[in-house]
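Undergrad: Residue numbering for the sequence shown follows the numbering used here, beginning at 820 and increasing consecutively. For glycine and all other residues, C-beta sits at the position ideal for the given N, C-alpha and C.
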Amino acid sequence: MELNYTKSIEIKYDVDVFIAGGGPAGVAAAVSCAREGRSVFVAESFSAFGGAAVTMLIPAYMCFGDGINFCADGIGKEIFDRLKVESPERYKRFCPSSIPVETLKLIYDDMVEKSGAKYIFHTNIIDAVVEDGQIKYVICAAKGSIFAVKAKIYIDCTGDGDLAAYAGADIEYGDENGKVMATTLCGIWSGIDWTRVQRPDSRNLDAAFADNVFTNEDRHLPGMWSLADQTKDADGKPVPNGIGGSNAGHIYDINGCDAASLTEGIVKARRQLLEYRKYYREYLTGYEDMELVYSASYLGIRESRRVVCDLRLEVDTFQNKSSFDDEIGRYCYPIDIHSPTNDKAGYEKFHSEHSSMRLKQGENYGIPYRSLAVKGIRNLLCAGRCISTDRYMQSSVRVMPGCYITGQAAGIAAAVQCDAHSDDIHNVDIHEVQKRLHKLGAYLPNYKA
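Laid out in structure tokens, this is it:
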């Protein structure tokens, strides 16, 4: 059945730049653009900025740099430094040990508010009005109202390419069989004795498999991170508290762009977390008294839509450590494609690629602006894990520091075009974009003034 109806809605915001999604890419885009003096509005579907770290409870950042160069410099470095003030023990290295979620929420709130960007939480985009390849309005549904936003330039930072899909952009999804990486439900745990913890390995995992602890035999070793700074005992010896964040287990065949699939996945995943509780308690030392305090409100989606842009970033870029004339950043995280299937062959392929497809210290690859410029849409950019890539490159650039890099680039590019009184993001003055990114602090070793 179908229902057709007509409804008049308010054009609630008329701004220079509209940003869909307030995760790491959206925050970086909003802050970088608003600081350039442009009017910005952000629609975020959850109750806080932060995306994966906040709604999915991803317990740890991946690398901010390559061991020598701080690749996520600019907005990413600003966030890193502010977190370091609050958690100095965890932010000494390029790869912090864990994420203090409540601190991160407040940092994001402060940065966005002080930038001058407007925003509303609890707001979903539900459609786009497009004429002759140009977005005219985005339609949003918030608590209490449906409204439209008019902007010169739009940026899709949803992770899933939602705005691009509504606008009719071309999309890629999954592998040649339409399969995407498995999802994970993260959680927060108490009662962990960090002075005695034993790492998971194939032997204790095999023992749990033999005892039918798990519904499915997932050979990926589960991860657990301490979530708070150490205290000290009477002798001044560091004593970690008992709080941990897990990234454990996989749920397969979940479509991150489909509500019914997400519902099925999170119900299965909550049951799976109890299986991991039994595993940690009974097969590893240091976890005997652990309890699940809270499971994330959203599945950890690693892969969904990839938006087709003017240039598709492919794996040879990683292998050759390529550079581009329109480079807006460089990054270094290894190839990390979690298997879309729960079988031995899939796990062995993941393990082989993740072990071998890594860059050495000081090595990194370029990210071109063209991979952010949505093909066929005059005024739409994308940033974060939905930029134009093959699956190999998506698995590298998708993590949070990578999102800071592409997010700030999209925000600066939008500001440059607004300053030039143009909404054509395919005809940007790339040298001006690079100049402003360089001023912001972005890592652009090939930039020449």
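Grouping DSSP H, G and I as helix and E and B as strand, with all else coil, what is T922?
TA: Three-state result, T922: helix.
Undergrad: Grouping DSSP H, G and I as helix and E and B as strand, with all else coil, what is P1187?
TA: DSSP places P1187 in the strand class (E or B) of the three-state scheme.
Undergrad: Where do the ends of the alpha helix (DSSP H) carrying D1238 lie?
TA: 1219–1238
Undergrad: If distances are taken between C-alpha atoms only, which option among K1267, M820, R1100 comes closest to W1008?
TA: R1100
Undergrad: May I ask you to verify whether the stretch 867–884 touches the stretch 918–929, counting CB pairs closer than 8 Å and requiring at least 3?
TA: yes
Undergrad: Which residues in the same chain as E1094 place their Cβ atom closer than 8 Å to its Cβ, once the five residues preceding and following it in sequence are excluded?
TA: So the qualifying residues of the chain are V1032, F1033, T1034, G1068.
Undergrad: Can you tell me which of the three DSSP states A1067 falls into?
TA: Three-state result, A1067: coil.
Undergrad: Here's a check: name, in chain order, each residue in its chain whose Cβ is nearer than 6 Å to the Cβ of L902, leaving out the five neighbours to either side.
TA: Answer for L902: Y910, listed in chain order.
Undergrad: Check each candidate in S1241, I1231, D1242 and name the one with the smallest Cα separation from H1250.
TA: I1231
Undergrad: Entirely within the stretch 889–969 and at least 3 residues each: give me those beta strand (DSSP E) ranges in chain order.
TA: 937–939, 942–950, 953–961
Undergrad: Write down the C-beta distance between G1185 and R1149 rounded to the nearest angstrom, noting that I regard them as a contact closer than 8 Å.
TA: 5 Å
Undergrad: What number of angstroms, rounded off, separates the C-alpha of A1026 from the C-alpha of D1108?
TA: 20 Å
Undergrad: So, I983 versus V949, is the Cβ gap smaller than 8 Å?
TA: Correcting the residue type first, residue 983 is Ala in the shown sequence and not Ile. Taking 8 Å as the Cβ cut-off, A983 and V949 do not qualify as a contacting pair.
Undergrad: Which class does G1120 belong to by DSSP, given the choice of helix, strand or coil?
TA: Reading off the sequence, residue 1120 comes out as Ile, not Gly. In the structure shown, I1120 sits in coil (DSSP, three-state: anything other than H, G, I, E or B).
Undergrad: With C1005 and A844 assumed to form a contact (beta carbons below 8 Å), what rounded beta-carbon distance in angstroms separates them?
TA: Going by Cβ atoms, the distance from C1005 to A844 rounds to 19 Å, so no, they are not a contact pair.
Undergrad: For the beta strand (DSSP E) that G1006 lies in, which residues bound it at each end?
TA: 1006–1009
Undergrad: Under a Cβ-count criterion, where at least 16 other Cβ atoms within 10 Å of its own Cβ denotes burial, should Q1180 be classed as buried or exposed?
TA: exposed
Undergrad: Using the Cα positions of I898 and I926, report the straight-line distance between them to the nearest angstrom.
TA: I898 and I926: Cα-Cα distance of roughly 7 Å.
Undergrad: Any idea what DSSP makes of A1088, helix, strand or coil?
TA: Here A1088 sits in helix by DSSP.
Undergrad: How long is the line joining the alpha carbons of D1135 and S1141, rounded to whole angstroms?
TA: 8 Å
Undergrad: If you reduce the DSSP assignment to three classes, tell me which class A839 lands in.
TA: strand
Undergrad: Applying the criterion that 16 or more other CB atoms from any shown protein chain within 10 Å of the CB defines a buried residue, is I828 buried or exposed?
TA: exposed
Undergrad: Answer yes if the stretch 1166–1173 comes into contact with the stretch 1125–1139, meaning at least three C-beta pairs across the two stretches below 8 Å, and no otherwise.
TA: no
Undergrad: For the alpha helix (DSSP H) that E1146 lies in, which residues bound it at each end?
TA: No alpha helix (DSSP H) contains E1146, which is instead part of the beta strand (DSSP E) from 1146–1150.
Undergrad: Is the CB-CB distance between A1229 and I974 below 8 Å?
TA: yes
Undergrad: Return the chain-ordered ranges of every alpha helix (DSSP H) run that is complete within the stretch 993–1045 and spans a minimum of 4 residues.
TA: 1021–1029
Undergrad: Output the distance between the C-alpha atoms of Y1113 and L1092, rounded to the nearest integer angstrom.
TA: 10 Å
Undergrad: Which same chain residues end up closer than 6 Å to F865 when comparing Cβ atoms and leaving out the 5 residues on each side of it in sequence?
TA: T874
Undergrad: Would Y1188 be called buried (16 or more neighbouring beta carbons within 10 Å of its own) or exposed?
TA: buried
Undergrad: Which partner residues of V834 appear in the DSSP bridge assignment?
TA: A970
Undergrad: Report the option in F966, K1258, I1244 whose CA atom is closest to the CA atom of C1201.
TA: Ranking the options by Cα distance to C1201, first place goes to I1244.
Undergrad: With a threshold of 8 Å, are at least 3 pairs of Cβ atoms found where one atom belongs to the stretch 856–865 and the other to the stretch 995–1004?
TA: no
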